[in-house]
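Just so you know, the sequences run in chain order A and B. First residue of the first sequence? That's 323 in the working numbering, and the numbers climb one at a time after it. First residue of the second sequence? That's 5 in the working numbering, and the numbers climb one at a time after it. Virtual Cβ for every residue (Gly too), placed ideally from N, Cα, C. Here the structure comes first, spelled out in structure tokens, and everything after it is commentary.
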Amino acid sequence: MVKSTAFGLVLVFLLSGCAVVKPFDREKLADPIMDPGAHLSKQTVEQKFFSTVEGSAGGGTGLNGGCGCSK
Amino acid sequence: MRFFPSFAAWVLCFSLSFAGTLPGQMAPAFTLPALVRGPSVHLHDLHGKVVLVDFWASWCPPCRKSLPELARLQARYPALVVLAVSVDESRTKAIAFLDKKDTMSIAGGKLTALHDSTRQVAALYDLQGMPAAVLIDKQGVLRFRHDGYALGDLDKLGDEVKGLLGEH
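This is the structure we're talking about:
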């Protein structure tokens, strides 16, 4: 039982698709374009557009409401 | 239950794989080309000197603060050899970073700027943060390593340098 549980845990870890990116290999990740919060004005426009088209606001983050019923 | 020891060993090996080169071990040898101009630098040629290897990158905001501080440290301890190793893929970006106003002290020749474009040396030392500094004593033993940067870190590093320079 212990063996199969441990094996299952290892298997889940190996198959998770996650990889540790070393700090010195983060050149592309450090690019400002990879920061979703870097373009605030663009986000504001997109949110305005979304709320107009969908007739609802919020839902963009886990903290907000929103019906999540687009399309 | 017999499985547990092997699982624990696996966890230990996994943890150690993130530990990098630890203080007390011989510093891995390397040869790196100069970033701007000059000959390549071989670590073994610096045997008998205290060497500070600092890894930095143009995309690393704290490096903008740490590099001038390293130049000041080098000015305070002229016997110290400081190798400022860029891990940028692009040499042009790295040089442009050095040419900016707040890092001009490097361009002034106080530090030896090297280029690790393939990041093989960074991997060899298994850096856990950026910037990262390793301090190597006169016998080639890695004595101190510091990953990341915070205000006051260089004071601690300065104390270590002072201690190592006083050793025979």
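What is the DSSP secondary structure of B/Thr96, reduced to helix, strand or coil? helix
Pick from B/Asp141, B/His150 and B/Leu102: whose alpha carbon is nearest that of B/Met1? With chain B covering 5 to 172 only, the question about residue 1 of chain B has no answer from this structure.
In chain order, what residues of the segment 343-361 of chain A put their CB closer than 8 Å to some CB of chain B? Lys344, Pro345, Phe346, Asp347, Arg348, Glu349, Ala352 and Asp353
At a Cβ threshold of 8 Å, is B/Asp92 touching chain A? So, interface residue.
Apart from the five residues on each side of it in sequence, which residues of its chain come closer than 6 Å, Cβ to Cβ, to B/Ala31? Excluding positions up to five away in sequence, the list reads Ile140, Gly144 and Leu146.
Taking only the alpha-carbon atoms, compute the straight-line gap between B/Leu168 and A/Glu349 and give it to the nearest angstrom. 33 Å
Best match in B/Leu84, B/Leu71 and B/Val85 for proximity to B/Ala98 [C-alpha to C-alpha]: B/Leu71
Would you be able to state if there are at least three C-beta pairs under 8 Å between the segment 58-73 of chain B and the segment 148-163 of chain B? yes
Give the interface partners of B/Phe59 over in chain A, defined as CB-CB distance under 8 Å, in chain order. Phe346
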